[in-house]
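Read the structure below first, then the notes.
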Amino acid sequence: MMGAVVGMVGGQENVSGCFLRRFLRNRGDETKELEGGARGGGRETGSRDGSDSLRMHCSSEGRRPSSVHVGSKVGASQKEVNLAVSKYGKFVEKNFCTDISNAYRDVQFDTRAVNQIVAVHFYRQGLFDLGDCFVKESQEVDGASLKAPFYEMYQVLEQMKAKNLDPAISWAKQYHGELQKKGSSLEFKLHQLQFVSFLHQGGRSAALQYARSAFAPFANNHMTEIQRLMGCLLWAGRLQSSPYADMLASTHWDTVVTEFTRECCSRLEQAYESPLHVVISAGAQALPTLVKLATIMANKKHEWQEMKQLPVEIELSEEFQFHSIFACPVSKDPSTTDNPPMLMPCGHVLCKQSIQKLAKGNFRTFKCPYCPSETTVALCRQIYF
Numbered sequence: 229m230m231g232a233v234v235g236m237v238g239g240q241e242n243v244s245g246c247f248l249r250r251f252l253r254n255r256g257d258e259t260k261e262l263e264g265g266a267r268g269g270g271r272e273t274g275s276r277d278g279s280d281s282l283r284m285h286c287s288s289e290g291r292r293p294s295s296v297h298v299g300s301k302v303g304a305s306q307k308e309v310n311l312a313v314s315k316y317g318k319f320v321e322k323n324f325c326t327d328i329s330n331a332y333r334d335v336q337f338d339t340r341a342v343n344q345i346v347a348v349h350f351y352r353q354g355l356f357d358l359g360d361c362f363v364k365e366s367q368e369v370d371g372a373s374l375k376a377p378f379y380e381m382y383q384v385l386e387q388m389k390a391k392n393l394d395p396a397i398s399w400a401k402q403y404h405g406e407l408q409k410k411g412s413s414l415e416f417k418l419h420q421l422q423f424v425s426f427l428h429q430g431g432r433s434a435a436l437q438y439a440r441s442a443f444a445p446f447a448n449n450h451m452t453e454i455q456r457l458m459g460c461l462l463w464a465g466r467l468q469s470s471p472y473a474d475m476l477a478s479t480h481w482d483t484v485v486t487e488f489t490r491e492c493c494s495r496l497e498q499a500y501e502s503p504l505h506v507v508i509s510a511g512a513q514a515l516p517t518l519v520k521l522a523t524i525m526a527n528k529k530h531e532w533q534e535m536k537q538l539p540v541e542i543e544l545s546e547e548f549q550f551h552s553i554f555a556c557p558v559s560k561d562p563s564t565t566d567n568p569p570m571l572m573p574c575g576h577v578l579c580k581q582s583i584q585k586l587a588k589g590n591f592r593t594f595k596c597p598y599c600p601s602e603t604t605v606a607l608c609r610q611i612y613f
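FYI, the numbering for the sequence shown is 229 to 613, going by this note's numbering.
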């Protein structure tokens, strides 16, 4: 019995071995046929696997032209980009002047005035360490007087950034009269922010008490705003979910900071913008015209250096136009230092050169071109705008 089982197992092993050898031999024949078909340019074979491989090969061959088409498109786009890049340098050279030295004029500046402008710029930007260093190296004797007012201003601004309005309110109370004459609402806006801060923190009684003491002097000019603030009392501690939620907007703080800075600079008889910033910005706008004019006058370098007035008008933005310019109604020329506006006894104003031409001499009487009155050059007075 045992021998029969062993014989059966041995027979099965022999059958399995024969089947495995036959299978491998068939696979080898199919592989050779596939290789032969590929070498023969896609000849049909009797194998199903070979036909599938051939179809895949042919389909890949059919997709090749689309890849070539995409490649040609990429190449054309690359050529277009390269062409644009190659022209970029010439375009910049043509439309932008890289050498501005031609516009240079040998102008004598007051060194001390320039140093003061630079020092004030540092101080008004809050760069006090840098300003002190510049004052020391430039040996500016008035450095302390230039720094003090801006240092006080920035101390208040730092407290405002920390949501502490007490120093700013004290400053506004100190100069209450000046602010009222100018029609400034800075002091009221500071009290308004303080009231809203009390109310937002939930202190209804504190906010009401503050309103009674702070808003009374402003009732005549700001009654509408005060009435709206009183409505906020009903929403103490939950103002952010009330109809008055806009009172908490950070833009109110930004507006007050800007207005406080403007009022401080005005009291110091300084413009809101730094003089150095204004000069450089205006010069940048005027530079293209100056470069073009210098190029035209390249053969007249002496005249270019000596001229006191430019032969062309330079247009600047409205932000750089700080006052009106008088234009003579007779000659249509704007007034200058050498040709200032002159007031005649009749009240009409002409430029000095126009008056001299009408008088044909300093002692001869002449008639006003706008009224029948007569006068002389000696009776005319220079006016200032």
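We put the beta carbon where it would ideally sit given N, CA and C, even for glycine. Keep in mind the model is a prediction, meaning the values are calculated, not measured.
- Item | Cβ separation of residue 422 and residue 462, assumed to be a contact under 8 Å, to the nearest whole Å | No, residue 422 and residue 462 are not in contact; Cβ-Cβ is about 19 Å, not under 8 Å.
- Message: Less than 9 Å between the C-beta atoms of residue 476 and residue 404, yes or no?
- Response: No, the pair does not count as a contact, with Cβ atoms beyond the cut-off.
Open item on the list: Quick check on the DSSP output: what are the complete alpha helix (DSSP H) runs of length 4 or more inside the stretch 417-458, in order along the chain?
Closed with: Note on the stretch 417-458: whole alpha helix (DSSP H) runs with a minimum of 4 residues are 432-442, in chain order.
- Task: In the DSSP assignment, find the alpha helix (DSSP H) that holds residue 361 and state where it starts and stops.
- Result: Note, residue 361: alpha helix (DSSP H), 356-366.
Practice prompt. With DSSP collapsed to three states, give me the class of residue 555.
Written response: Strand at residue 555.
Original post:
Does the beta-carbon of residue 332 have 16 or more other beta-carbons within 10 angstroms, so that it is buried, or is it exposed?
Top reply: Within 10 angstroms of the beta-carbon of residue 332 lie fewer than 16 other beta-carbons, which makes it exposed.
What did DSSP end up calling residue 501 once you bin it into helix, strand or coil? Residue state, collapsed to three classes: coil.
request  = Measure the C-alpha to C-alpha separation of residue 322 and residue 316 and round it to an integer number of angstroms.
outcome  = One C-alpha to the other measures close to 10 Å.
How far does the alpha helix (DSSP H) with residue 570 in it reach, from first residue to last?
Where residue 570 is concerned, there is no enclosing alpha helix (DSSP H), although the beta strand (DSSP E) around it starts and stops at 569-571.
Inset, instruction - Please confirm whether residue 557 and residue 598 have their CB atoms less than 9 Å apart. - result: One thing to note: residue 557 has its Cβ within 9 Å of the Cβ of residue 598.
Margin query: Would residue 391 and residue 532 qualify as a contact pair, given that the criterion is a beta-carbon distance under 9 Å?
Written below: When the beta-carbon positions are compared, residue 391 and residue 532 stay at least 9 Å from each other.
**Study point:** Local Cβ density within 10 Å of residue 553, reported as buried at 16 or more and exposed below that
**Key:** Exposed: under 16 other Cβ atoms inside 10 Å.
Using only the alpha-carbon positions, how far apart do residue 302 and residue 311 sit?
Residue 302 and residue 311: Cα-Cα distance of roughly 14 Å.
### Query
Are the Cβ atoms of residue 434 and residue 443 separated by less than 9 Å?
In this structure, residue 443 does not lie closer than 9 Å to residue 434 by Cβ.
Problem - Rounded straight-line distance, which links the Cα of residue 339 to that of residue 369 - result: Residue 339 has its alpha-carbon roughly 13 Å from the corresponding atom of residue 369.
>> Quick check: what's the CA-CA separation for residue 344 versus residue 305?
In response: Going by the C-alpha atoms only, they are around 56 Å apart.
*Going by the beta-carbon positions, is the gap between residue 487 and residue 414 smaller than 9 Å?*
Annotated as proximal: residue 487 and residue 414, with beta-carbon spacing under 9 Å.
- Considering only C-alpha positions, which residue in the set 489, 460 and 484 is nearest to residue 378? Shortest Cα-Cα distance from residue 378 to any of 489, 460 and 484 involves 489.
Original post:
What residue range is occupied by the uninterrupted beta strand (DSSP E) comprising residue 577?
Top reply: Counting along the chain, the beta strand (DSSP E) containing residue 577 begins and ends at 577-579.
Note to self: In whole angstroms, give me the CA-to-CA distance for residue 523 and residue 514.
What the structure shows: Taking the straight line from one Cα to the other gives about 15 Å.
*Quick one: give me the first and last residue of the alpha helix (DSSP H) that residue 397 is part of.*
Taken as a continuous stretch (DSSP letters only), the alpha helix (DSSP H) holding residue 397 covers 394-402.
| request: Kindly give me the distance between the Cβ atoms of residue 570 and residue 580, rounded to whole angstroms, as I take these residues to be in contact under 8 Å. | output: 5 Å between Cβ atoms; contact.
How about residue 362 and residue 342: are their beta carbons less than 9 Å apart? In this structure, residue 342 does not lie closer than 9 Å to residue 362 by Cβ.
Original post:
Should residue 617 and residue 509 be called a contact, given that it needs their Cβ atoms to be closer than 9 Å?
Top reply: The requested residue 617 does not occur in the structure, where the chain is confined to residues 229 to 613.
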